[in-house]
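**Student:** Chains as they are written, first to last, in the working numbering: chain D, -17 to 498; chain V, -17 to 498; chain R, 175 to 435; chain X, 175 to 435.
The C-beta atom is built at its ideal place from N, Cα and C for all residues, glycine as well.
As the structure is a prediction and not an experimental result, all values here were calculated from the model.
The structure's right below; bear with me while I get my questions together.
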Ligand code: B12
Ligand code: B12
Ligand SMILES: Cc1ncc(COP(=O)(O)O)c(C=O)c1O
Ligand SMILES: Cc1ncc(COP(=O)(O)O)c(C=O)c1O
């Protein structure tokens, strides 16, 4: 579609302001770590398994270190010391930390360089595992190719990983490009990653390493039959954001829902915790070549999509700045936005086009993710399907990269097998029928669409300016985003945030930070 | 929507060529009449009723005059003579002609002027009845007002007029502006108008005067409750085209499917018959202030909508020319066109926009009628409903006047009560959401839409030029329209066409022709 | 839509294979319904809809939409779970059987094995005016890239068009000594297509054509099973290609001559 | 969608009123279905779908679409006619009853007749994080132009937000001596909302709150009937406005004091 006439100087300023916003909390992030970051480090080194109660080894390790007041040095510090003290393997070292004698504080010989050296081969291997997974994925993708954009993204969410795998295959056969397995309702608030294949979840299926493997295996098989690369998505979000990023990296996931703000706003996770976790997880994600999906679309489920449109844009700039700060290139930033304006509003379609095109223009290299109507859908599946038809039309006309397909049963249940089929068939029709609509359209320069895009950008700019002034913590606490107020020290998981000691050691992070 | 850049000179030429096409058969029309025209004249004078077998009086009259070789003078001639010979009323005169002694040829005293004078009060009353109906309708419409365009037009077709009336009310309650009662499959081939209320039709309900009244009464009642004028439609088409036009005029119908070509192409009615009938019926329609709906949309059910798009446009110009020749102003010409391009084609949506906008521009004052996808619909009601969503979008964006709403069950059955409801709700959503889309859109001047509109117009122009050269009879016989070939003397109803004698008398037509 | 023939035509006895509807979890019996009840929208109307769905045997009924389709009509969208189990193993469907020859092969085989042109006549009968279907089979242009029978050098195809009375069609077929008569029926409101088709078969029997000339029925609501029930030799539904029809006719004609089909 | 209360609440015995589904002709029993069977699309699959619909008691079954929803799954759209007759006359639905006061009237009546502020606490419980519904009832902003309870001068409303364990909510209510507890449940997959709600009621009984404080349940799949069955005092579904809830609470509190409601 013809570019909307917006002022590039304003766009550049937004970007600069957002960088300052991210910077404002960047010092905090650099000075802190979290329990889940440390657990991830242990995982990266190869610590695995759980005790008979299902508590993962990495959790016990980290909890013990924290209880002993030693976590400020980083889990790697303790692990390296165990190696120096004779543990034959990482696993042995971790088990010792978890189940052995109470962790001892560092002794005189435990200087940083020695420990780092003891860990060095494992650090290299930790990165190599991620790199090999990335190469595997890239080779498959290269060999099989992907479908045309908008890529068709659908959700499976039966709660049972085996049903999910069946449904993922069926969706792929029907034409889906990307399959996201939604998580069970409670998972993001749980401070560990469960283990093994699971068959009981509500509103979704548990994210576990084994579940990732089951779905990836199904897609690996299916993509060969279909001759089209199939992408898998899960959630690097919630209290275990960094750990899931790591498991996903290893299991060759293609995309991760990962956001600097979502957990804070929608799961009441402590802001400090999430901002630290997002940094580390994005470092992993960047190395793994995974596309993130940010969650700004969600803002419009609690806030009004007309009034709060600019908060989406402002947040996208902030998410982008955080992602840049964590080394993520534009090409991996699937910023989220949505078709959420009240369907009863006159000219809602025009407002949606303005927003979709604005986001497309502001983030030209980014694989942006366009989300369907949800909040204003009702149990009238026929109308819902029609609404999704207009959504698909805007998606193809404005050149969205990734489209999460709308479901006619959005207001009813997690998608059934045929809901997905109906959505895919419908999207295929619209995408084909309007394939080159974007090339055709020009806009009335004095019209509503252009005016709206400019207004939203201007308001986002103003909001970013304010946020720079007051700081992100304060803006979040005041309910600027999604109409939700989250104080800096409220919410869940604050107890898992700690200041890095001066001798804090994290060679995995160091290596990730060196990634070009 | 911004006007597409088409050449006004080409448009003007098309109009001029079409006038010549119509003119080419105009001489034939002026020199002939048909049994149904004559029956209409008798009806207009007040002849009514039927024999015990249900054969209408007017049919018996006309058949007898034809058998006696006296129809060339016109039915009015015979009727007037009966009056001169002492019949006290029109009915008495008509009954004498039908059931009395064999019709006598005119005698020496039967000069045209005397007869005309005998008929004069009845002629005046015939016109006055139409005028009063028109005034009644216009007063109601003025008082209650109509909805915004596109007007929502739906079909009822249960076969049972009482169910139709219920369903018409429900449709109006749901938001329909216009209710068309579709006719039973066989009616257009039957050379008389049945009498009374009917409850058994296939694919539709018989068009009878009583059925018109039943539906009008339901709408009269309903429109007061809703505070919105409701329009009724039926079919002035087939072998009884003029009679139905008259009955509709009297019963205050608002629109009539009436076409110079449809009966020829789709019902295999003799071309001469239809062309004569359309002239007379349009004279009635013009006087009554009824909007016609032409049937060019139908062409695309037998011919391909991409290849034959220009035949629609050419035919619209011809229909317009015929309508002008019959005194119909532009404001009463609901020229038909349709969203019939194969849904599987890439960029079908762009081609549809081009066509819809082209027709809108070519016929700016005309209440053009936009028809939904039909042929390419299947039993997948979800996809069908989505297709109709894009159709509604084109309708509102290109400013169509009348929209026959698409039905998700198009490929399955005559619309159910809730099919209509679902369609109306869906259209309301799209019309509202995209109310001012037309004001926003500009088109890439080098794009597909503009190119397509120009091509279609150019081809229509070429076709009109050819048609002028070969004459309409020949073009129809060669299958130029709708891929259907109809020779001038083939088809049904030719036996009902006759040359007007030099003393042919038709004061009703004369009066209609004097309508300003 | 359903392939008119070919596909899964293995009619040997199959093992029991119970199947249930499937939405969220394998075998959950999930079914979507919609319907209208002639009552104004209200909590009672919604309850009536729920009971209606239960009357159909559904459990866990969810009335997800109640819409005022009119002052006295409510339209409902309903989801529920059904216990129905179908034994897929026992399902047998009569299917049109014939070799799958290309048009060229068909012409060749007629030339070689029958040695004369195959004559067929078709029409859309009764008051039905939908010719697109029969045209798709008979006219040059054909359907979905598959040429119509008129284009086969070894077929002689007559298309009488629409609204053709049954006896006119039969008379024409008798006069020409056709090999096959093709009847198209598209309008189906209150089963008028069945009625028309039954009448056609009665007439065909009366005139001694039945069992002699091949009688084919086609249309959007026709399938082979229905056509057999009505007394035709074969039935063809949506998506039929001209070559499917040509294949069937040639197959049967060869069969009659005892030639390998 | 269904009005949560008011409307048709005439519960006197009604005359028999048989109703049937209606599509084309009054009482024709027309019903639309869709579902998926775990078999590949084929003529046999289509027949299985037909039998499935017949299993639901439908007649004149028309399988209008068979779509390959996957290699081993077929999605069907089906139309048929059902003989089901519902006696609308006997249908009774429990409905939330209360006077229909405006927010201003509600405040006035609390002030005059209760003379103290009404205290309520609400939350979206269990692992459910959908706060939009409970926010709509409690927060200033309200819903569909109707202000939330926080804005009522004579209400004191606490909104604990999402993912609140049942015992936390109950403890808070006990501590504050609330008049009413508002529970929201939005996620309903495999009836988790019923399970959560049952657990809430068990806890409420254990703590002696049940029968003392008013217990209200709300959510998109909640209605008054369900809430009563589960042991709540009232249930509120889609479209509920804050003033509906305020009206109910005040009505009950007045009733308890024996005041005219
Ligand atoms: C095109 C069309 C028309 C055109 C017909 C033009 C023409 N010359 O054919 C026009 C506009 C004139 C028309 C008019 C009417 N139509 Co019409 N029409 C349709 C439409 C949109 C498409 C039908 C079509 O062409 N399909 C494409 C062809 C290729 O498919 P097909 O017929 O199934 O044919 C294939 C197979 O079935 C098979 N086949 C078919 N016949 C045969 C025969 C043999 C021997 C064989 C081997 C195979 C075979 O092969 C074909 C190729 O694969 C349908 C809706 C729809 N989408 O289906 C409505 C539809 C069929 N029409 C309908 C109606 C009611 C009418 C009218 C009666 C309405 C009215 N009262 O004015 C009129 C009158 C017609 C009459 N007297 O019969 C209804 C029928 C309802 C019902 N189930 O009874 C439908 C379903 C629309 C609706 N939902 O209301 N119609
Ligand atoms: C917005 C939304 C979200 C937002 C929630 C934001 C927030 N803070 O609330 C976000 C994006 C975070 C979200 C997340 C998820 N969601 Co959600 N979500 C929705 C959505 C789109 C709208 C819900 C809504 O806000 N409705 C508007 C409000 C006003 O309506 P309401 O809740 O019915 O409330 C009204 C009445 O019911 C009543 N009411 C409600 N509660 C109460 C209480 C009392 C006491 C009273 C008196 C009245 C009352 O009054 C309200 C006003 O009238 C629905 C789909 C839909 N269109 O319904 C899915 C939906 C509810 N979500 C769903 C799911 C599965 C999830 C996830 C679990 C998915 C996942 N795994 O990631 C997550 C996790 C959430 C969790 N842990 O619970 C499913 C639930 C499926 C099911 N039937 O079980 C739905 C139906 C979508 C779907 N089809 O899959 N979701
Ligand atoms: C960024 C992001 N993370 C996570 C989720 C899912 O929530 P949960 O973390 O509860 O699984 C979403 C929801 O769409 C999201 O957008
Ligand atoms: C102009 C016109 N006349 C008539 C009809 C209906 O056909 P019939 O004359 O058979 O009732 C149509 C069909 O849509 C039409 O467009």
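In terms of residues, what are the limits of the beta strand (DSSP E) holding residue 241(X)?
**Tutor:** Here residue 241(X) corresponds to residue number 67 of the fourth chain, with the count starting at 1. 232 to 244 is the extent of the beta strand (DSSP E) around residue 241(X).
**Student:** Could you have a look at residue 338(V) and say whether DSSP puts it in helix, strand or coil?
**Tutor:** Position 356 of the second chain, counting from 1, holds the residue named residue 338(V). Here residue 338(V) sits in helix by DSSP.
**Student:** DSSP state of residue 424(V), grouped into three classes?
**Tutor:** Here residue 424(V) is taken as the residue at index 442 of the second chain, counted from 1. Here residue 424(V) sits in strand by DSSP.
**Student:** Taking only runs of the alpha helix (DSSP H) that begin and end inside the region 362 to 389 of chain R, which ones reach a length of at least 4 residues, in chain order?
**Tutor:** 366 to 380
**Student:** For residue 342(R), count neighbouring C-beta atoms within 10 Å of its own C-beta (all shown protein chains included) and say buried if the count is 16 or more, exposed if not.
**Tutor:** Translated into the one-based positions of the third chain, residue 342(R) becomes position 168. Its Cβ having fewer than 16 others within 10 Å, residue 342(R) is exposed.
**Student:** Verify the contact flag: residue 244(V), CB atom, against every heavy atom of ligand 4, threshold strictly below 7 Å.
**Tutor:** Within the second chain, numbered from 1, the residue matching residue 244(V) stands at position 262. Answer for residue 244(V): yes, Cβ within range of ligand 4.
**Student:** Residues in its own chain within less than 6 Å of residue 405(X) by CB, not counting five upstream and five downstream?
**Tutor:** Reading the fourth chain from its first residue, position 231 is the one you call residue 405(X). Correct list, in chain order: 375.
**Student:** Quick one: what's residue 385(D) bridged to in DSSP?
**Tutor:** Your numbering for residue 385(D) matches position 403 in the first chain. According to DSSP, residue 385(D) bridges with 134(D), 352(D).
**Student:** Where does the unbroken alpha helix (DSSP H) through residue 117(V) begin, and where does it stop?
**Tutor:** Residue numbering aside, residue 117(V) sits at position 135 when the second chain is read from its first letter. 94 to 126 is the span of the alpha helix (DSSP H), which, as asked, contains residue 117(V).
**Student:** Checking contacts by CB at 8 Å: is residue 399(D) closer than that to chain R?
**Tutor:** Here residue 399(D) refers to the residue found at position 417 of the first chain. It does: the Cβ of residue 399(D) has a partner Cβ on chain R nearer than 8 Å.
**Student:** When the Cα atoms are used, what is the spatial distance from residue 76(V) to residue 68(V)?
**Tutor:** Mapped onto the second chain, residue 76(V) falls at position 94. Mapped onto the second chain, residue 68(V) falls at position 86. Answer to the nearest angstrom: the Cα atoms are 12 Å apart.
**Student:** To the nearest angstrom, how far is the alpha carbon of residue 47(D) from that of residue 253(R)?
**Tutor:** One-based indexing of the first chain puts residue 47(D) at position 65. One-based indexing of the third chain puts residue 253(R) at position 79. Residue 47(D) and residue 253(R) have their C-alpha atoms roughly 52 Å apart.
**Student:** Along the chain, where does the beta strand (DSSP E) that runs through residue 495(D) open and close?
**Tutor:** Indexing the first chain from 1 puts residue 495(D) at position 513. Segment 489 to 496 is the alpha helix (DSSP H) holding residue 495(D); no beta strand (DSSP E) there.
**Student:** Apart from the five residues just before and just after residue -6(V), which ones in its own chain have a Cβ nearer than 8 Å to its Cβ?
**Tutor:** Counting from one through the second chain, the residue named residue -6(V) turns up at place 12. There are no such residues.
**Student:** With three or more beta-carbon pairs closer than 8 Å as the criterion, would you say the region 430 to 439 of chain D touches the region 428 to 442 of chain V?
**Tutor:** no
**Student:** Using only the alpha-carbon positions, how far apart do residue 514(D) and residue 231(V) sit?
**Tutor:** No statement about residue 514(D) is possible, as the shown extent of chain D runs from -17 to 498 and does not include it.
**Student:** State yes or no: is the beta carbon of residue 367(D) nearer than 8 Å to at least one beta carbon in chain X?
**Tutor:** Along the first chain, one-based indexing puts residue 367(D) at 385. No, no contact with chain X.
**Student:** For a test of the three-state rule: what should DSSP assign to residue 167(D), helix, strand or coil?
**Tutor:** Here residue 167(D) refers to the residue found at position 185 of the first chain. In the structure shown, residue 167(D) sits in coil (DSSP, three-state: anything other than H, G, I, E or B).
**Student:** Output, in chain order, the set of chain R residues within a Cβ distance shorter than 8 Å of residue 145(D).
**Tutor:** What you label residue 145(D) is simply residue 163 of the first chain in a count that begins at 1. Here the neighbours are 198, 199, 200.
**Student:** Let me confirm a value: residue 221(X) is counted as buried when at least 16 other C-beta atoms fall within 10 Å, else exposed. Which label applies?
**Tutor:** Within the fourth chain, residue 221(X) is the residue found at index 47, counting from 1. Buried, since its Cβ has 16 or more Cβ neighbours within 10 Å.
**Student:** Is any beta-carbon of chain D found at less than 8 Å from that of residue 238(R)?
**Tutor:** Position 64 of the third chain, counted from the start, is the residue given in the question as residue 238(R). Chain D, which has a Cβ nearer than 8 Å to the Cβ of residue 238(R), makes this yes.
**Student:** Do the CB positions of residue 346(R) and residue 334(R) come within less than 8 Å of each other?
**Tutor:** Mapped onto the third chain, residue 346(R) falls at position 172. Mapped onto the third chain, residue 334(R) falls at position 160. Result yes, Cβ atoms of residue 346(R) and residue 334(R) sit closer than 8 Å.
**Student:** Please list the terminal residues of the continuous alpha helix (DSSP H) segment that includes residue 193(D).
**Tutor:** Reading the first chain from its first residue, position 211 is the one you call residue 193(D). Taken as a continuous stretch (DSSP letters only), the alpha helix (DSSP H) holding residue 193(D) covers 191 to 208.
**Student:** Does the region 272 to 292 of chain V come close enough to the region 416 to 423 of chain V that 3 or more CB-CB pairs lie under 8 Å?
**Tutor:** no
**Student:** What does a CB cutoff of less than 6 Å around residue 312(D) pick up in its chain, not counting 5 residues either side in sequence?
**Tutor:** Counted from its first residue, the first chain places residue 312(D) at position 330. Within the same chain, residue 312(D) has close Cβ partners 347, 348.
**Student:** In chain order, what are the residue ranges of uninterrupted beta strand (DSSP E) at least 3 long that sit wholly in the region 254 to 302 of chain D?
**Tutor:** 273 to 275
**Student:** For the beta strand (DSSP E) containing residue 248(V), name the first residue and the last one.
**Tutor:** The residue given as residue 248(V) occupies position 266 in the second chain. Element bounds for residue 248(V): not the beta strand (DSSP E) but the alpha helix (DSSP H), 244 to 249.
**Student:** Would residue -11(V) be called buried (16 or more neighbouring beta carbons within 10 Å of its own) or exposed?
**Tutor:** Here residue -11(V) refers to the residue found at position 7 when the second chain is read from its first residue. Exposed is the call here.
**Student:** Which first and last residues belong to the alpha helix (DSSP H) in which residue 456(V) is found?
**Tutor:** Along the second chain, read from residue 1 onward, the residue named residue 456(V) stands at position 474. 454 to 459 is the extent of the alpha helix (DSSP H) around residue 456(V).
**Student:** Show which residues of chain D have a CB atom less than 8 Å away from the CB atom of residue 251(R).
**Tutor:** As a first step, residue 251(R) must be located in the third chain, where it is residue number 77. In chain order: 361, 362, 363, 364.
**Student:** Who are the near neighbours of residue 261(D) in its chain, counting only those whose CB is closer than 6 Å to its CB and skipping five residues on each side?
**Tutor:** Here residue 261(D) corresponds to residue number 279 of the first chain, with the count starting at 1. Only 11, 308 meet the Cβ criterion.
**Student:** Please work out which residues of its chain come closer than 6 Å, Cβ to Cβ, to residue 327(X), disregarding the five sequence neighbours upstream and downstream, and give them in chain order.
**Tutor:** Here residue 327(X) refers to the residue found at position 153 when the fourth chain is read from its first residue. So the list reads 281, once near-sequence residues are dropped.
**Student:** Have a look at the DSSP bridge pairing and note the partners of residue 216(V).
**Tutor:** Translated into the one-based positions of the second chain, residue 216(V) becomes position 234. Residue 216(V) pairs with 238(V).
**Student:** To the nearest angstrom, report how far apart residue 90(D) and residue 306(D) are at their CA atoms.
**Tutor:** As a position in the first chain, residue 90(D) is number 108, starting the count at 1. As a position in the first chain, residue 306(D) is number 324, starting the count at 1. In a straight line, the C-alpha of residue 90(D) is about 39 Å away from that of residue 306(D).
**Student:** Shorter than 8 Å from the beta carbon of residue 416(R) to some beta carbon of chain V?
**Tutor:** Along the third chain, read from residue 1 onward, the residue named residue 416(R) stands at position 242. With 8 Å as the cut-off, residue 416(R) does not count as an interface residue toward chain V.
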